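Have a look at the structure below, then the notes.
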Amino acid sequence: MKPLRFGVLGLSRGWSYGRLILGYAGCSVAAVCDLNPAYQERHRATYPDILLCGSFEELLAADIDAVVIAGYCTEHAPQAVQALRAGKHVLSEVTAFHTVAEGVALARAVEETGLTYMMAANTCFSAGLEHMIGVARSGRLGEFMYAECEYIHNMPAPFNRRPDGSMHWRFWQPCIHYCTHSLSPVLKMCNDRPVSVVGMNTGDKITREWGWPTGRADMGIGLVKMARGGVVRVMVTFANSRVGGHFFQYYGTKGCMENDRISQNALYVLEKDNALTEGWVGYAPRRERLEQEIKASGAGHGGADHLVLHEFVKAIREGTPPPVDIYEAADATLPGILAHRSAVEGGRPFVVPDLRDESVRKEYENDDWSPLPDALALANRGARDSSVPRGATP
Numbered sequence: 359m360k361p362l363r364f365g366v367l368g369l370s371r372g373w374s375y376g377r378l379i380l381g382y383a384g385c386s387v388a389a390v391c392d393l394n395p396a397y398q399e400r401h402r403a404t405y406p407d408i409l410l411c412g413s414f415e416e417l418l419a420a421d422i423d424a425v426v427i428a429g430y431c432t433e434h435a436p437q438a439v440q441a442l443r444a445g446k447h448v449l450s451e452v453t454a455f456h457t458v459a460e461g462v463a464l465a466r467a468v469e470e471t472g473l474t475y476m477m478a479a480n481t482c483f484s485a486g487l488e489h490m491i492g493v494a495r496s497g498r499l500g501e502f503m504y505a506e507c508e509y510i511h512n513m514p515a516p517f518n519r520r521p522d523g524s525m526h527w528r529f530w531q532p533c534i535h536y537c538t539h540s541l542s543p544v545l546k547m548c549n550d551r552p553v554s555v556v557g558m559n560t561g562d563k564i565t566r567e568w569g570w571p572t573g574r575a576d577m578g579i580g581l582v583k584m585a586r587g588g589v590v591r592v593m594v595t596f597a598n599s600r601v602g603g604h605f606f607q608y609y610g611t612k613g614c615m616e617n618d619r620i621s622q623n624a625l626y627v628l629e630k631d632n633a634l635t636e637g638w639v640g641y642a643p644r645r646e647r648l649e650q651e652i653k654a655s656g657a658g659h660g661g662a663d664h665l666v667l668h669e670f671v672k673a674i675r676e677g678t679p680p681p682v683d684i685y686e687a688a689d690a691t692l693p694g695i696l697a698h699r700s701a702v703e704g705g706r707p708f709v710v711p712d713l714r715d716e717s718v719r720k721e722y723e724n725d726d727w728s729p730l731p732d733a734l735a736l737a738n739r740g741a742r743d744s745s746v747p748r749g750a751t752p
């Protein structure tokens, strides 16, 4: 079997995967790229035999088969398209794209090149959420009705500066754009796709206290309608008064389940037929696959990163679709983009396009609406200032 040679873009988050690749059978890291001088020096000192590239173009020109894209979130899609067009398989960090038009271009590039694209939605591979996905897909809880999912991560100013002190993309990207951590597992649980979304936000109360100039909302909320009639509420916050976490609730016609809101290491299931006699049944989910390999790898996010890499390599070698392909990536990314647009436009519902369909893609190929800082400031000022019309569109 021919070894897979990887390139890694981004030596902060990206090297979490680079380190795993070095220990993964039949894989190697041949080249890396990062513009941060500190990361460059660290790499030169630690891995002198791995090519350090001065640009993404140089990375793609290296002798590699696949690339891990883990640079700035707002650049993932153009870089993924560029890599695919250069003949490289792509493992992309979340989110998949920043505008609807970028999603169209990415879907076309995946189809036209026939190469493997996977979004690294690692929450789908955590022990607890793998268990919840399995319970939901088994049919034990009946037909999907409703779910809630929350991603809570407090990230004050020091987390959001570039090395030169300038504003990072996190300063102005709407929280709800980062909904993939929450939506990706829920989409797998309910085995359905989103068709419309309504969004709201809470204004910039905390980020104003932090002195942020961009007016980014503290919390973003989306209410998502699914194709078969179910509903999902998703909330994402990067400015809050709570310790971070991922919280999930799932309701079916025959039962429901949720993870523990304090420890998050426990799962509770209530089945309708046993509700009065047994009540909630608690679980402490354990991994049932690749347990020894995950422990040996020391993979982050509770071992989920190892499974992301495992599934990506497996898809390349077997020529099968990865578990979070371009279409699932789009289904998880689009509701966040459109929920923010809905909030900006006073809660107007937005259709979530199905990027599997080229006729639909044609309608959205020029939809490059982007939440520039001025747009965010106006939207959030409107949340607290009656002088700004609720339906105002920057």
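In case it helps, the numbering used here puts the sequence shown at residues 359 to 752. We put the beta carbon where it would ideally sit given N, CA and C, even for glycine. As the structure is a prediction and not an experimental result, all values here were calculated from the model.
- In the DSSP assignment, H447 falls within the unbroken beta strand (DSSP E) covering 447-450.
- Pairing S484 with H668, the inter-Cα distance amounts to about 14 Å.
- For A642, the number of other beta carbons within 10 angstroms of its own is below 16, and it is reported as exposed.
- In chain order, G384, R675 place their CB closer than 8 Å to the CB of M359, counting only its own chain and leaving out the 5 sequence neighbours on each side.
- Exposure of D726 is indicated by the presence of fewer than 16 other C-beta atoms within 10 angstroms of its C-beta.
- Per DSSP, the unbroken alpha helix (DSSP H) holding T565 starts and ends at 563-567.
- Runs of the beta strand (DSSP E) spanning 3 or more residues and lying entirely within the segment 425-474 occur at 447-450, in chain order.
- With a cutoff of 7 Å on beta-carbon distance, M490 and L449 are scored as not near each other.
- Note that the segment 500-508 does not touch the segment 557-576; fewer than 3 beta-carbon pairs, one per stretch, sit closer than 8 Å.
- The count of Cβ pairs closer than 8 Å, one atom from the segment 531-539 and one from the segment 617-636, stays below three, leaving the stretches out of contact.
- Under the DSSP definition of a beta bridge, F364 partners with V387, A424.
- Looking at the backbone, the Cα of T481 and that of G569 are separated by about 31 Å.
- Within the same chain, Cβ atoms closer than 6 Å to the Cβ of T457 are found at D726, S728, the five residues on either side in sequence being excluded.
- By the neighbour-count criterion, in which 16 or more other beta carbons inside 10 Å mark a residue as buried, K612 falls on the exposed side.
- Within the same chain, and ignoring the five residues on either side of A463 in sequence, the residues whose Cβ sits closer than 6 Å to its Cβ are V439.
- Taking all protein chains shown into account, N549 has fewer than 16 neighbouring C-beta atoms within 10 Å of its C-beta and is therefore exposed.
- For H401, DSSP assigns no beta-bridge partner whatsoever.
- Ranked by how close their Cα comes to the Cα of D631, the residues G610, E651, G580, D407 have G610 in first place.
- Residue state for C411 is assigned as strand, using DSSP reduced to three classes.
- Rounded to whole angstroms, the gap between the alpha carbons of A396 and H526 is 17 Å.
- Three or more beta-carbon pairs separated by less than 8 Å link the segment 550-560 to the segment 688-705, which places the two stretches in contact.
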